[in-house]
Amino acid sequence: MLSQRDIGGTGRALSNCVFLRRLRVRRENTAEPARKIRRRRPDIIRTIRLGSSNSRLEASDNRIKVTIRMSYGFHHVDNLIALVMLRCGGLDIRLPQPRT
């Protein structure tokens with residue numbers, strides 16, 4: 004994990020990346036990753052600044068995929084969006100318990 008001091012130099016480090024320099028040489032095995040890094044540069048820097056790890060992003064992505072799989076058969080996309088917001092929104096809803 005990067006410290007707060009390292010975040011400022013992230014953009015410079017990303018600009019000086021080996022992949023980006025090799026893009027100018029046009030080697031086929033590094034050209035595609037270099038293009039992806041260049042295209043996603045703002046997203047990469049934003050993710051580092053927010054301190055999000057890849058595992059958290061993958062977990063939320065997996066939760067959304069499972070919710071979409073559960074929602075097959077819904078007639079309206081609004082119901083799917085509401086279910087995703089309910090599952091990923093962090094609300095803790097307790098169902099009423101039967102009285103004994």
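According to the numbering used here, the sequence shown is numbered sequentially starting from 4. Ideal Cβ positions, reconstructed from N, Cα and C, are used throughout, including at glycine.
Coarse secondary structure for residue i, derived from DSSP in three states
i: R72; result: helix
i: R43; result: coil
i: D64; result: helix
i: T50; result: helix
i: R90; result: helix
i: A85; result: helix
i: R97; result: coil
i: S58; result: helix
i: R102; result: coil
Given residue i as reference, the closest of the options once Cα atoms are compared
i: C91; options: V69, Y75, H79; result: V69
i: R66; options: V80, I48, S55, G93; result: G93
Through-space distance from residue j to residue i, alpha-carbon basis
i: M88; j: N82; result: 10 angstroms
i: R72; j: D95; result: 22 angstroms
i: P101; j: G76; result: 30 angstroms
i: N57; j: R42; result: 19 angstroms
i: L53; j: D64; result: 17 angstroms
i: R38; j: L86; result: 36 angstroms
i: I47; j: I40; result: 8 angstroms
Residue burial classification, residue i (beta-carbon count within 10 angstroms, cutoff 16)
i: A62; result: exposed
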